[in-house]
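Quick notes on the structure that follows.
Protein chains: 2
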Amino acid sequence: MSDVNRIKERINFCIKGELWEQIPKFFEELHPADIAEIINHAPASSYKQLFEMLGDEIKPDVLAELDDKVEADILDELTDEEISDIVEEMAPDDAADVLGELEDEQREDILGLMEEEESDEVRELLQYDEETAGGIMTPDFVAVQADMTAAEATDFIGSLDLDEPVYYAYVVDSKGRLTGWIQLWELLKHGNRNQTLADLAESETISVHTDADQEEVARLASKYDLSALPVLDWQHKLVGRITMDDIMDVMEDEASEDIFKLAGSSESELEYTSALHASKSRLPWLLITLTTGFFSVLLLNSYHAYLSFSHAIILGAFVPVILAMGGNTGIQSSTLVIRGIALGTAHTKNIPKILLHEITAGAIMGAICGIVFGLYALFVIGREETAFGPPYLALTVGSALFSAMAFAAVFGAVVPVILNRMRIDPAVASGPFVTSSNDILALLIYYGVTFLMISLRS
Amino acid sequence: MSDVNRIKERINFCIKGELWEQIPKFFEELHPADIAEIINHAPASSYKQLFEMLGDEIKPDVLAELDDKVEADILDELTDEEISDIVEEMAPDDAADVLGELEDEQREDILGLMEEEESDEVRELLQYDEETAGGIMTPDFVAVQADMTAAEATDFIGSLDLDEPVYYAYVVDSKGRLTGWIQLWELLKHGNRNQTLADLAESETISVHTDADQEEVARLASKYDLSALPVLDWQHKLVGRITMDDIMDVMEDEASEDIFKLAGSSESELEYTSALHASKSRLPWLLITLTTGFFSVLLLNSYHAYLSFSHAIILGAFVPVILAMGGNTGIQSSTLVIRGIALGTAHTKNIPKILLHEITAGAIMGAICGIVFGLYALFVIGREETAFGPPYLALTVGSALFSAMAFAAVFGAVVPVILNRMRIDPAVASGPFVTSSNDILALLIYYGVTFLMISLRS
């Protein structure tokens with residue numbers, strides 16, 4: 001691997017120094033994925049120049065690996081004929097991904113320039129939503145008949161002009177419906193040679209429909225340890241398969257999506273490098289926080305109008321820590337529930353259990369932090385001469401911290417459960433929503449406890 | 001799939017009603033992964049009973065799929081002989097995972113009970129760290145010689161007694177060093193039959209050393225679209241391969257790890273269901289926040305001592321929103337950088353670019369939010385009769401919000417970069433650390449701006 005890094009460094013050096021003529025011979029030594037990585041990180045002005053240096057046979061592979069933004073920039077500078085020549089050599093699912101990014105009119109022009117067989121396959125794929133099984137499948141698969149022997153099936157597979165990895169032979173009936181599968185390595189076993197696929201193939205196949213969410217595809221592949229997943233239409237006819245590379249891409253994308261959504265932004269930031277784009281994707285979530293800010297200012301302002309100066313000042317000093325503790329506790333809870341939902345370990349039946357778990361954890365942590373901070377208030381911050389003496393302050397701060405944290409733990413767990421039941425992706429809305437709502441809730445709890453203590457004392 | 005869910009529901013019903021005798025016939029219809037899911041979610045008291053119902057041939061597959069906690073509970077109740085019988089039937093990497101969880105003494109006893117060939121393989125694997133390539137590889141692979149023809153290699157593979165999926169044949173030299181690979185489907189092609197592997201095999205192989213981090217394994221597999229990854233020792237000898245199921249597990253684990261660490265907890269929470277365990281894993285992060293709370297209380301307290309009553313009250317009301325906005329902006333930045341580091345898109349060379357990007361995005365968002373909140377302060381909150389009139393309040397709040405957000409964006413991006421360079425996993429420390437530090441920074445900025453405004457005014 002260190003060789004690859006050395007070559008990449010040399011290319012980057014050449015790009016910086018504009019020593020263009022040196023680059024093609026270095027490119028020849030690299031994998032398309034590495035070339036794509038170099039172009040992705042090069043200055044935008046050199047995208048096209050670098051792409052044009054590639055041999056025609058490698059252009060389709062590199063294009064399929066480029067970031068969407070870079071790909072779009074390069075396609076912008078190519079003619080329809082050039083694009084159609086490249087796309088024709090791509091796997092149909094990759095070709096559909098590229099053409100899906102273009103305007104309708106240009107897409108039709110390019111499809112018209114392609115050979116009919118290929119353009120038909122791509123057109124078929126283009127009708128599916130990008131994030132469904134249909135949108136990520138390839139229509140190329142190996143279908144065999146149940147009455148073939150393993151040796152006949154092996155021979156049949158060898159006669160096909162395959163150009164993409166094949167791990168499974170799919171057994172189909174006369175109507176093209178999937179009835180079983182067998183892996184290539186099992187076909188080769190000497191003991192299996194003369195047996196028919198009816199005997200050998202696994203009939204308990206796992207498959208998805210064309211409109212299954214890509215997240216479900218990744219979940220099934222991972223759960224059942226599958227290297228490819230067959231895709232059926234609504235007549236149970238086998239129409240494609242989803243290959244390992246796409247399954248891995250989905251797993252990465254879905255993880256990125258969840259991580260970014262929890263933070264209140266979008267995974268598209270990984271590709272689009274303009275600060276304006278980043279601001280656009282982040283601002284809506286910040287505005288949720290800003291809106292709750294309108295209320296927190298009003299709340300604090302009106303609370304303090306009811307308090308004496310010394311009360312208001314000393315109690316106000318604890319506001320940041322109570323909000324921060326509530327916010328963090330809430331995020332810990334929602335993260336557990338959101339990831340549990342994504343991985344399929346949290347489901348309807350164990351929701352009462354999850355809520356009980358969260359309220360207990362919140363209470364334990366709240367009790368510990370409440371006692372620690374109560375002691376801090378008692379011995380460090382409290383002043384005998386103030387109207388609100390140290391013991392009352394300690395009791396107020398400690399019990400407010402305890403209640404805010406216990407409540408935040410439950411609230412953080414409930415929100416994603418409710419969102420999920422409303423069929424809203426819980427990762428989208430939970431992060432900033434939970435933190436912001438917790439700010440308001442914690443303020444209500446804190447000053448609620450304060451007024452209770454004051455009324456108890458007077 | 002709905003069939004599976006129906007059977008699972010029936011089993012859960014039987015578990016609830018303790019209708020044990022009904023369960024085995026349902027189990028027979030399920031995939032080991034589904035059986036494991038049912039046991040994982042069953043009451044702990046029924047783990048062993050459910051496991052004992054399984055046929056001997058399926059026990060190893062189910063055990064390999066169980067959550068660590070459930071697996072440990074079941075192993076606790078089995079004798080060494082029973083464990084050794086089950087483990088012997090497992091793939092060596094799965095067997096090593098199970099035995100790795102046991103105490104040294106019990107592990108040695110069980111290894112002693114196993115057949116020597118199997119126990120040697122497992123002992124070999126046990127010496128590697130669990131989260132390295134050596135720790136997740138299986139020592140079973142197909143090695144072929146370069147002078148074989150494709151037809152000879154196919155025949156050779158068919159003669160092996162394989163019981164785990166094989167997608168690649170690895171070409172090795174006389175010293176067992178990896179010189180190339182070829183996929184099974186390529187061996188089968190009629191045109192390749194009489195050619196030697198020296199001509200056919202891909203010589204630019206991608207491999208890892210036994211001590212490579214599992215995250216690197218997942219990154220390579222995903223980047224180069226590999227279904228299996230060969231593992232070499234330090235003499236470049238091929239010693240194992242990492243299969244797809246393990247690569248997918250690593251991808252899920254690493255994503256969970258990052259997500260939980262960002263929230264300040266641990267992915268072990270997905271398995272250990274006690275609230276006490278959850279509190280233990282979450283508390284350390286909350287204590288970071290609590291500790292910064294000690295300072296924020298002192299800061300606010302001493303700031304307010306310098307301010308008049310009306311100043312302190314009205315300015316204090318804006319503290320929550322300024323902290324929340326700074327905190328969220330910081331988390332958005334660190335998420336982008338952390339995920340970029342994990343996916344390999346952020347590297348040393350583009351760090352100045354990333355920082356510039358973040359300060360720009362922070363400034364854009366800070367300007368927008370600062371103006372919005374400044375106007376809110378001017379027209380809604382500000383009171384002419386107070387010492388600090390509306391225009392000054394608006395200017396103070398607006399510019400503090402702007403500065404806090406711009407600064408948080410840079411700080412959020414810098415922290416993971418520094419941690420990464422110190423070889424500390426940036427996801428571990430960034431979440432709660434960034435939020436807490438931002439609270440203090442935002443307070444310093446806010447009251448810094450306040451005192452500046454007051455001194456300008458007087």
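Listed in order, the protein sequences are those of chains A and B. Every letter in the first sequence is one number past the one before it in UniProt numbering, and letter 338, counting from 1, is 338. Every letter in the second sequence is one number past the one before it in UniProt numbering, and letter 35, counting from 1, is 35. We treat Cβ as the ideally placed atom computed from N, Cα and C, and that holds for glycine.
Taking Ile-182 of chain A and Leu-197 of chain A to be in contact with their CB atoms under 8 Å, please state how far apart those CB atoms are, rounded to whole angstroms.
-> Taking the first residue of the first sequence as position 1, residue 182 of chain A is located at position 182. Taking the first residue of the first sequence as position 1, residue 197 of chain A is located at position 197. Sure, about 6 Å apart at Cβ, within 8 Å.
Ordered along the chain, which non-local residues of its own chain (more than five positions away) have a Cβ less than 7 Å from that of Arg-10 of chain A?
-> Along the first sequence, read from residue 1 onward, the residue named residue 10 of chain A stands at position 10. Closer than 7 Å at the Cβ level, and outside the excluded window around Arg-10 of chain A, lie Phe-26.
Same chain only: Cβ atoms within 7 Å of Ile-15 of chain B, ignoring 5 sequence neighbours per side | Numbered from its first residue, the second sequence carries residue 15 of chain B at position 15. If we look at Ile-15 of chain B and ignore the five residues flanking it on each side, its Cβ neighbours are Ala-42 and Ser-46.
For Glu-82 of chain B, the three-state DSSP class (helix, strand or coil) | Position 82 of the second sequence holds residue 82 of chain B. In the structure shown, Glu-82 of chain B sits in a helix (DSSP, three-state: H, G or I).
Could you check where the alpha helix (DSSP H) with Ile-110 of chain A kicks off and where it finishes?
-> Position 110 of the first sequence, counting from 1, holds the residue named residue 110 of chain A. Element bounds for Ile-110 of chain A: 104 to 113.
Residues from the stretch 143 to 174 of chain B in contact with chain A, defined by Cβ distance under 7 Å | Thr-154, Ile-157, Gly-158, Ser-159, Leu-162, Pro-165, Val-166 and Tyr-167
For Lys-237 of chain B, does the three-state DSSP call read helix, strand or coil?
-> Start at 1 with the first residue of the second sequence, and residue 237 of chain B comes out as number 237. DSSP places Lys-237 of chain B in strand when its eight states are reduced to three.
Between A:Leu-229, A:Lys-223 and A:Val-239, which lies nearest to Val-250 of chain B when the distance is taken from Cα to Cα?
-> As a position in the second sequence, residue 250 of chain B is number 250, starting the count at 1. When only C-alpha atoms are compared, the closest one is A:Lys-223.
Gly-180 of chain B and Glu-202 of chain B: beta carbons closer than 8 Å?
-> Numbered from its first residue, the second sequence carries residue 180 of chain B at position 180. Numbered from its first residue, the second sequence carries residue 202 of chain B at position 202. The answer is yes: Cβ separation under 8 Å.
Which residues of chain A have a Cβ atom closer than 8 Å to the Cβ of Asn-301 of chain B, listed in chain order?
-> Along the second sequence, read from residue 1 onward, the residue named residue 301 of chain B stands at position 301. By Cβ distance, chain A contributes Ile-313, Ile-314, Ala-317 and Ile-381.
Assign Ala-143 of chain B to one of two classes, buried (16 or more other C-beta atoms within 10 Å of its C-beta) or exposed (fewer than that).
-> As a working note, residue 143 of chain B is residue 143 in the second sequence. Burial call: exposed.
Let me know if Glu-358 of chain A comes out buried or exposed under the rule of 16 or more other beta-carbons within 10 Å of its beta-carbon.
-> The sequence position of residue 358 of chain A within the first sequence is 358, counting from 1. Flag for Glu-358 of chain A reads buried.
Minimum C-alpha distance to His-304 of chain A - residue among B:Lys-59, B:His-311, B:Asp-68 and B:Tyr-306 | Working through the first sequence from its first residue, we reach residue 304 of chain A at position 304. Here the closest residue by C-alpha is B:His-311.
Where does Pro-32 of chain B sit, in a helix, a strand or coil, going by DSSP?
-> Translated into the one-based positions of the second sequence, residue 32 of chain B becomes position 32. Looking at Pro-32 of chain B - three-state DSSP - the assignment turns out to be helix.
Determine the extent of the beta strand (DSSP E) in which Tyr-168 of chain A is found, giving its start and end residues.
-> By one-based count along the first sequence, residue 168 of chain A stands at place 168. 168 to 172 is the span of the beta strand (DSSP E), which, as asked, contains Tyr-168 of chain A.
Residues in its own chain within less than 7 Å of Leu-270 of chain A by CB, not counting five upstream and five downstream?
-> By one-based count along the first sequence, residue 270 of chain A stands at place 270. Within the same chain, Leu-270 of chain A has close Cβ partners Ser-256.
By the 10 Å Cβ neighbour count, where 16 or more other Cβ atoms means buried, how is Glu-105 of chain B classified, buried or exposed?
-> Locating residue 105 of chain B in the second sequence gives position 105, where the first residue counts as 1. Burial call: exposed.
Residues of the stretch 11 to 30 of chain B whose Cβ lies closer than 8 Å to any Cβ of chain A, in chain order | Asn-12
Assign Thr-435 of chain A to one of three DSSP states: helix, strand, or coil.
-> Against the first sequence, residue 435 of chain A aligns to sequence position 435. Of the three classes helix, strand and coil, the one that applies to Thr-435 of chain A here is helix, per DSSP.
Cβ of Pro-391 of chain A within 8 Å of any chain B Cβ | Taking the first sequence and counting its residues from 1, the one referred to as residue 391 of chain A is at position 391. With 8 Å as the cut-off, Pro-391 of chain A does not count as an interface residue toward chain B.
Are the C-beta of Tyr-376 of chain A and some C-beta of chain B separated by less than 8 Å?
-> For the purposes of this step, residue 376 of chain A is taken as the residue at position 376 of the first sequence. Chain B, which has a Cβ nearer than 8 Å to the Cβ of Tyr-376 of chain A, makes this yes.
Buried or exposed for Arg-282 of chain B, please, with buried defined as at least 16 other CB atoms from any protein chain shown within 10 angstroms of its CB.
-> To locate residue 282 of chain B, count along the second sequence from 1; it is residue 282. With 16 or more Cβ atoms within 10 Å of its Cβ, Arg-282 of chain B is classed as buried.
Continuous alpha helix (DSSP H) stretch holding Pro-92 of chain A: start and end = Stepping through the first sequence from its first residue, residue 92 of chain A is reached at position 92. 92 to 100 is the extent of the alpha helix (DSSP H) around Pro-92 of chain A.
Note down, in chain order, every chain A residue with its Cβ under 7 Å from the Cβ of Leu-63 of chain B.
-> The residue labelled residue 63 of chain B in the question sits at position 63 within the second sequence. Chain A residues near Leu-63 of chain B: none, gap ~15 Å exceeds 7 Å.
In angstroms, rounded to a whole number, what distance separates the CA positions of Pro-318 of chain A and Tyr-306 of chain A?
-> Sequence index remark: in the first sequence, residue 318 of chain A carries index 318 (1-based). Sequence index remark: in the first sequence, residue 306 of chain A carries index 306 (1-based). For clarity, residue 318 of chain A is Phe in the given sequence; the question names Pro instead. Approximately 17 Å between the Cα atoms of the pair.
If we call anything under 8 Å between Cβ atoms a contact, is Ile-39 of chain A one with Val-70 of chain A?
-> Taking the first residue of the first sequence as position 1, residue 39 of chain A is located at position 39. Taking the first residue of the first sequence as position 1, residue 70 of chain A is located at position 70. Closer than 8 Å, so yes.
Mind checking who Pro-230 of chain B pairs with in its DSSP beta bridge?
-> Within the second sequence, residue 230 of chain B is the residue found at index 230, counting from 1. Answer by DSSP bridge pairing, in chain order: B:Arg-241.
According to DSSP, is Asp-61 of chain A helix, strand or coil?
-> Along the first sequence, one-based indexing puts residue 61 of chain A at 61. The answer is helix: DSSP assigns Asp-61 of chain A an H, G or I state.
Host alpha helix (DSSP H) of Ile-206 of chain B (start-end) = In the second sequence, the residue the question calls residue 206 of chain B occupies position 206. No alpha helix (DSSP H) contains Ile-206 of chain B, which DSSP labels as neither H nor E.
Cutoff 7 Å; reference Met-1 of chain A; Cβ partners in own chain excluding five residues on either side | To locate residue 1 of chain A, count along the first sequence from 1; it is residue 1. At Met-1 of chain A, the pLDDT of 47 sits below 50, so the modelled position is not reliable; the number obtained from the coordinates is stated separately. Same-chain partners within the cutoff: there are none.
Out of A:Pro-426, A:Gly-316 and A:Ser-333, which has the shortest C-alpha to C-alpha gap to Ser-266 of chain B?
-> As a first step, residue 266 of chain B must be located in the second sequence, where it is residue number 266. When each option's Cα is compared against that of Ser-266 of chain B, the closest is A:Ser-333.
Thinking just about the alpha-carbon of each residue, which of A:Pro-426, A:Phe-388 and A:Gly-176 is nearest to the one in Leu-452 of chain A?
-> In the first sequence, the residue the question calls residue 452 of chain A occupies position 452. Ranking A:Pro-426, A:Phe-388 and A:Gly-176 by Cα distance to Leu-452 of chain A puts A:Phe-388 first.
Integer-rounded CB distance, given that Trp-185 of chain B should sit under 8 Å from Leu-184 of chain A = Counting from one through the first sequence, the residue named residue 184 of chain A turns up at place 184. Counting from one through the second sequence, the residue named residue 185 of chain B turns up at place 185. Right, the Cβ-Cβ distance comes to about 6 Å (below 8 Å), so this counts as a contact.
How would you list, in chain order, the residues of chain B whose beta-carbon sits under 7 Å from the beta-carbon of Gly-264 of chain A?
-> As a first step, residue 264 of chain A must be located in the first sequence, where it is residue number 264. Asn-328 and Gln-332, listed in chain order.
Three-state secondary structure (DSSP) at Asn-142 of chain A?
-> The residue you call residue 142 of chain A lines up with position 142 of the first sequence. A small correction: the amino acid at residue 142 of chain A is Val; Asn does not occupy that position in the sequence shown. Note: Val-142 of chain A maps to coil in three-state DSSP.
Of all Cβ atoms in chain A, is any one closer than 8 Å to the Cβ of Ile-259 of chain B?
-> If you number the second sequence from 1, residue 259 of chain B lands on position 259. It does; some Cβ of chain A falls within 8 Å.
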